[in-house]
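Residues in the sequence shown are numbered from 3 upward in steps of one, following the working numbering. The beta-carbon is built from N, C-alpha and C at its ideal position, and this holds for glycine as well. For clarity, every value in this text was computed on a predicted model and none was experimentally measured.
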Amino acid sequence: VQRMPWDVAWGNWSIENTPGYLFFDTMSRVFSPYVANPLGLNPLRDVIEQEIDFGNVRACKSMELFISATNVETGQLRVFSDGEIDLDTVMASACLPQLFRAVEIKGVPYWDGGYGGNPALFPFFKTAATEDVLLVQI
């Protein structure tokens with residue numbers, strides 16, 4: 003995606019008005035992930051499944067891990083922790099609604115954890131017994 007000549011001339015560094023961006027944005031709004039990706043393929047799922055041993059993640063007691071996802075039906079944030087962390091919770095947290103189908107966990111569909119706003123900080127104040135917090139927002 004490249005800037006248009008007038009954007010270069012005026013010093014506009016935004017890609018929001020480039021033809022490539024506008025085309026992709028329009029197509030992602032016209033075709034839902036259920037139509038555009040009928041098989042529900044997500045290459046990230048294979049990579050995460052291959053690289054992360056969720057048994058070891060759940061067994062780790064030296065630190066707490068919280069993963070958030072947005073309930074599609076209610077719009078409420080759901081925070082997963084400890085024994086709930088698995089491939090589906092990670093995929094739900096990374097699921098962009100315009101690109102991928104919602105990820106079902108126990109029959110409830112979830113989307114990106116930051117879709118409704120900023121990352122949840124309340125688990126750190128309620129349960130974590132530490133002064134150090136590492137927040138990863140991608």
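Distance, residue j Cα to residue i Cα
i, j, result
"Asp9", "Asp88", "44 Å"
"Phe126", "Trp12", "45 Å"
"Asn39", "Phe102", "8 Å"
"Asn14", "Gly77", "35 Å"
"Pro1", "Asn44", "Missing from the structure shown is residue 1; the chain here goes from 3 to 140 and no further."
"Ala71", "Cys62", "21 Å"
"Gly57", "Ile17", "41 Å"
"Val135", "Leu123", "10 Å"
"Val110", "Val81", "14 Å"
"Leu24", "Asp55", "39 Å"
"Glu75", "Ser95", "15 Å"
"Ser34", "Val138", "28 Å"
"Phe26", "Gln52", "29 Å"
"Asn73", "Pro121", "14 Å"
"Glu66", "Tyr36", "34 Å"
"Thr132", "Gly119", "24 Å"
"Gly42", "Thr129", "36 Å"
"Gly197", "Val32", "Outside the modelled stretch of the chain, which goes from 3 to 140, sits residue 197, for which no answer is possible."
"Ser64", "Thr28", "46 Å"
As assigned by DSSP and simplified to three states, the class of residue i
i, result
"Ile50", "helix"
"Ser95", "helix"
"Asn58", "helix"
"Leu79", "strand"
"Phe33", "coil"
"Val105", "strand"
"Asp27", "helix"
"Trp15", "coil"
"Pro21", "helix"
"Asp90", "helix"
Cut-off 6 Å between Cβ atoms - residues of its own chain near residue i, not counting five sequence neighbours on either side
i, result
"Ser30", "Gln100"
"Cys97", "Val105, Trp113 and Asp114"
"Tyr117", "Thr72"
"Arg47", "Met93"
Cβ-based neighbour list, residue i, same chain, cut-off 7 Å, excluding 5 preceding and 5 following
i, result
"Arg60", "Asp84, Gly85 and Ile87"
"Ile142", "The requested residue 142 does not occur in the structure, where the chain is confined to residues 3 to 140."
"Gln4", "Thr20"
Whole-Å CB distance - residue i paired with residue j, under 8 Å assumed
i, j, result
"Val92", "Ile69", "6 Å"
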